[in-house]
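Residues in the sequence shown are numbered consecutively from 574, following the working numbering. Glycine residues also receive a C-beta, built at the ideal position from the N, C-alpha and C atoms. Below is one structure, written out as structure tokens; comments come after it.
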Amino acid sequence: MRFFRSFAWLAGLSVLASAAATAAPSGEVVRSATPIQSHARFCELMTRKLPNVTPALCALAQLQPGPARSVQGHNLLTRDVVSPQAALRVLVVGGVHGDELSSTALVLHWIGAAQDDPANIHWRFVPLMNPDGMLKARPTRTNANGVDLNRNFPTPHWDKEAPRYWQHRTSKDPRRFPGHRALSEPETRWLHDEMERWQPHLIVAVHAPYGVLDYDGPVVAPKKLGSLVLDQVGIFPGSLGNYGGVHKKVPVVTIELSSALRTPQEAEMRKMWQDLLRWTQLRLRPPTS
574 MRFFRSFAWL AGLSVLASAA ATAAPSGEVV RSATPIQSHA RFCELMTRKL
624 PNVTPALCAL AQLQPGPARS VQGHNLLTRD VVSPQAALRV LVVGGVHGDE
674 LSSTALVLHW IGAAQDDPAN IHWRFVPLMN PDGMLKARPT RTNANGVDLN
724 RNFPTPHWDK EAPRYWQHRT SKDPRRFPGH RALSEPETRW LHDEMERWQP
774 HLIVAVHAPY GVLDYDGPVV APKKLGSLVL DQVGIFPGSL GNYGGVHKKV
824 PVVTIELSSA LRTPQEAEMR KMWQDLLRWT QLRLRPPTS
């Protein structure tokens, strides 16, 4: 694939929201004027918002709207890239946290990489799972209801563990509010149902800005993707890694890019992609008929 070189963007990590609050965030939302309902509208907004995403790169993605919508009515767009020899299904998700702009940008770059080199894989890309958070004037980690989507998946004992973790381990940090119940949000309900319907053999979740590689699942973890080194940071109630990798036994590779506002360099993105393909071919065995 041809990767497009980064242009100058702000340095450093994304600006974090205010410190811990004593109550759950408000559910009040502000409706956007024109929701994302098409690939053209997605590109119109994202090429102005995202780092290192040109109109040409976004056009190449050819995203398709599905039935799922965010709280504010934005379609959750996807793109399938299917090898003629596809034996594995891999789901790649970016933009789970709306203030991690680089994660959505990387997924758009990888859609182009998959078109050039799909290997033996049926890829399903979801570049932006949290459009409501990302499209705010100041993007937020949470969705329009103030819920951290990566704490809203139905891990075992969620009703007890997720609220307890939020209250006692994060001091009720509003950026990490898990919601009032598991799968309370349309975005997480859609991804949960998509996992049930499509049964991926691997999930790749792209985040920022910790600069590490995390992993949950039943097979041997990748040691590196590009310059990102494996550092299994633990599991959290309601997280996708916990739900998918630990509970459902589907390998979940979590990429934590080094910056929320800048993509890696061209060579680094290519190396990460190649390392992911190599590990997938080595560790994930196609199902036997």
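Item: Nearest to R642 (by Cα), restricted to the options N625, W731, P759 and T743; Value: P759
Item: Complete beta strand (DSSP E) runs within the region 595 to 676 (minimum length 3 residues, chain order); Value: 637 to 642, 648 to 655 and 661 to 666
Item: Inter-residue spacing [alpha-carbon to alpha-carbon] between P810 and P795; Value: 23 Å
Item: In chain order, each alpha helix (DSSP H) run of at least 4 residues that lies wholly inside the region 701 to 770; Value: 704 to 707 and 731 to 737
Item: CB of P704 within 8 Å of CB of I609, strictly; Value: yes
Item: Backbone CA spacing between G818 and T853 [nearest angstrom]; Value: 15 Å
Item: Three-state class that DSSP yields for Y874 in the structure shown; Value: Nothing about residue 874 can be reported from this structure: the residues present for the chain run from 574 to 862 only.
Item: Own chain, CB closer than 7 Å to V626, minus 5 neighbours either side, in chain order; Value: M619, T620, A678 and L681
Item: Within 8 Å, strictly: CB atoms of H780 and V699; Value: no
Item: Proximity to G639 [Cα-Cα], best of R697, L661, K822 and N693; Value: R697
Item: Nearest residue (CA-CA) to Q658, options S800, P691, K733 and L650; Value: P691
Item: L661 vs L857 beta-carbon contact at 8 Å; Value: yes
Item: Under the three-state DSSP convention, the category L855 falls into; Value: helix
Item: Local conformation of I684 per DSSP, three classes; Value: helix
Item: Buried versus exposed call for W763 [16 or more other C-beta atoms within 10 Å across all chains shown]; Value: buried
Item: Buried or exposed by the 16-neighbour rule on C-beta atoms within 10 Å, applied to W683; Value: buried
Item: Cβ distance (whole Å) where L722 is taken to contact N716 below 8 Å; Value: 6 Å
Item: DSSP three-state assignment for L797, whether helix, strand or coil; Value: Per the sequence shown, the amino acid found at residue 797 is Lys instead of Leu. Here K797 sits in strand by DSSP.
Item: Contact check, G706 vs P712, beta carbons under 8 Å; Value: yes
Item: Identity of the residue in A634, G784 and V644 nearest E673 by Cα; Value: G784
Item: Closest by C-alpha distance to P727, when choosing among D746, P782, P751 and R742; Value: P751
Item: Candidates S744, V826, A833 and A735: closest to L849 by CA position; Value: V826
Item: Close Cβ partners of N725 (< 7 Å) along its chain, the five nearest in sequence each way excluded; Value: P751, G752, A755, L756, S757, E758, T761 and G811
Item: CA-to-CA distance, S800 to R851, given in whole angstroms; Value: 15 Å
Item: Local conformation of A692 per DSSP, three classes; Value: coil
Item: Under 8 Å between C-beta atoms of L623 and Q637; Value: no
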